[in-house]
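Numbering (the working numbering), first residue to last: 5 to 447.
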């Protein structure tokens, strides 16, 4: 059984309680936010406290660029009118010669629909727009929970969606214009992914008629935190309004319950008593006829439940969560070039915001768990790996416990495996316009 408590490293930007992205969204000490607001109650923070603007993350001009020049495709764009989602065929088309993919966004159609009062929703901006890639990754590191980013751009005096709740927490960052937000208490506290608001549409509509807990206008630079389940709706005021919704997908106790149920299912399948057929001619309409079998099943499941190792459950939750979060992107060409040119003086830096766990050696092998991947390495490399994780940055020649050739081999594997990066690596050699060692070869 691996040592799940062995040396690991959380993203360095959150160490020491700094948590810069979370502080920017809340303008308060992260510990205070954790104790008084997280998963408990909404928080409205005004621009004078957040720093006055979120224009470095997204502007209306940026939205126009995404809609008109970036080859955007569905599902990265949704459009809504009067609380209903518009059919994608009304705003997508072929990209023309050499780009005939049919689901590309038509800027002409978006213009027409927006002018008619539709709300534009840019989805997955944490994968598309560099400032938001950085910010969403940082906030995920600060919170320890995966994040996503959408932008909602609403024409004057229009409502995008009717009152509803989300199954994840959100931070709303107003980037342009003004929006009137109305927030109500949940009809279902802490809803799961499988408990969407439309399953309780009548309750939601009734609750939205009650006294709100927040009734406020958000202006550029204002921020709003909403725990999952809180009802909300917004109406644009005056000019075009835009806000970012940063969804936080919380790791919950139900995540652990799902892992337990998966393990119970696997263990129960190994029990011959649970695989036994029911008697011929059994009357399934008579509960008493299957009472002994049901009791045997419950006993078998209880036995399986007691065999589950909590450490295995924790590791499954860790794996599922890490699969949803992204470390800082790497530059494939630059890092490949750097890996081929490593020397003892090359600096290795642990990839920013990478989730890493170094396990205890088993025999002559050691596992380095990073995000979605597990790297199987010689046990002799463990002191070097531990040193890099502890320091965050080391020269190749300073990796302890290895001969020079082995230092280079490990360093190369860490770079090509996207565990470490060479800072300031470049794909092209300055002044040549080509990779070092290339001589203008053509395909």
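Cβ atoms here follow ideal geometry from the backbone N, Cα and C, with glycine treated the same way.
None of these values were measured; they are calculated from a predicted model.
*With 16 other CB atoms within 10 Å as the buried threshold, where does residue 284 fall?*
exposed
*Going straight from the alpha carbon of residue 315 to that of residue 263, what length do you get?*
11 Å
_Residue range of the unbroken beta strand (DSSP E) whose run includes residue 382_ = 377-382
*According to the neighbour-count rule (16 or more other Cβ atoms, all chains shown, within 10 Å of its Cβ), is residue 326 buried or exposed?*
buried
*Roughly how many angstroms separate the alpha carbons of residue 392 and residue 424, rounded to a whole number?*
Rounded to whole angstroms, the gap between the alpha carbons of residue 392 and residue 424 is 9 Å.
*Taking only the alpha-carbon atoms, compute the straight-line gap between residue 166 and residue 54 and give it to the nearest angstrom.*
Within the model, the alpha-carbon separation for residue 166 versus residue 54 is close to 28 Å.
*Leaving out five residues before and five after residue 367 in sequence, what residues of the same chain have Cβ atoms less than 8 Å from its Cβ?*
383
*So, are the CB atoms of residue 185 and residue 145 less than 8 Å apart?*
Taking the C-beta atoms as reference points, residue 145 is found no nearer than 8 Å to residue 185.
*Name the DSSP bridge partner or partners of residue 96?*
109
*Could you check which residue in 419, 401, 380 and 181 has the C-alpha nearest to that of residue 354?*
419
*For residue 3, which beta-bridge partners are listed by DSSP?*
Examination of residue 3 is not possible in this model, given that the chain is present from 5 through 447 alone.
*Could you have a look at residue 234 and say whether DSSP puts it in helix, strand or coil?*
coil
*asked:* Does residue 105 pass the burial test, meaning 16 or more other C-beta atoms within 10 Å, or should it be called exposed?
replied: exposed
_Pull the bridge partners of residue 49 from the DSSP assignment, please._
227
*Through-space distance from residue 338 to residue 446, alpha-carbon basis*: Annotation note: pLDDT 42 at residue 446 (below 50); position unreliable, coordinate value reported separately. Those two C-alpha atoms are separated by around 20 Å.
_In whole angstroms, give me the CA-to-CA distance for residue 292 and residue 299._
11 Å
*asked:* At the level of alpha carbons, what is the spacing between residue 345 and residue 49?
replied: 49 Å
*Might you give, ordered along the chain, the residues of its own chain that have their beta carbon closer than 7 Å to the beta carbon of residue 380, omitting 5 neighbours on each side?*
369 and 371
*asked:* Extract the residue ranges of the alpha helix (DSSP H) inside the segment 132-211, only unbroken runs of 4 or more that lie entirely within it.
replied: 134-147 and 205-211
*Meets three-Cβ-pair contact criterion under 8 Å: the segment 264-277 and the segment 170-187*: no
*With a Cβ-Cβ cutoff of 8 Å, do residue 71 and residue 111 count as a contact?*
A Cβ-Cβ contact shorter than 8 Å links residue 71 with residue 111.
*Selected residue, minimal CA-CA separation from residue 64, among 41, 181 and 47*: The candidate whose alpha carbon is nearest that of residue 64 is 181.
*asked:* For the pair the segment 119-139 and the segment 78-87, tell me if three or more CB-CB distances fall below 8 Å.
replied: yes
_residue 249 to residue 386 span [Cα, whole Å]_ = 41 Å
_DSSP three-state label for residue 358, please._
coil
*At what residues does the beta strand (DSSP E) containing residue 84 begin and finish?*
81-85
_Distance between residue 408 and residue 351 (C-alpha atoms, nearest Å)_ = A direct Cα-to-Cα measurement between residue 351 and residue 408 gives close to 14 Å.
*DSSP on residue 401, reduced to helix/strand/coil?*
helix
*With distances taken Cα to Cα, identify the nearest neighbour of residue 192 among 213, 272, 309 and 235.*
235
*How many angstroms separate the CA atom of residue 42 from the CA atom of residue 142?*
17 Å
*Pick from 260, 122 and 179: whose alpha carbon is nearest that of residue 158?*
122
*asked:* Out of 196, 94, 179 and 189, which one is the CA nearest neighbour of residue 261?
replied: 196
_Quick check on residue 447: does DSSP put it in helix, strand or coil?_
At residue 447, the pLDDT of 41 sits below 50, so the modelled position is not reliable; the number obtained from the coordinates is stated separately. If DSSP states are grouped into helix, strand and coil, residue 447 belongs with coil.
*Span of the beta strand (DSSP E) around residue 270*: Taken as a continuous stretch (DSSP letters only), residue 270 belongs to no beta strand (DSSP E), being part of the alpha helix (DSSP H) at 257-272.
*Specify the secondary structure class of residue 289 as computed by DSSP and reduced to three states.*
coil
_For residue 353: DSSP bridge partner residues_ = 397 and 425
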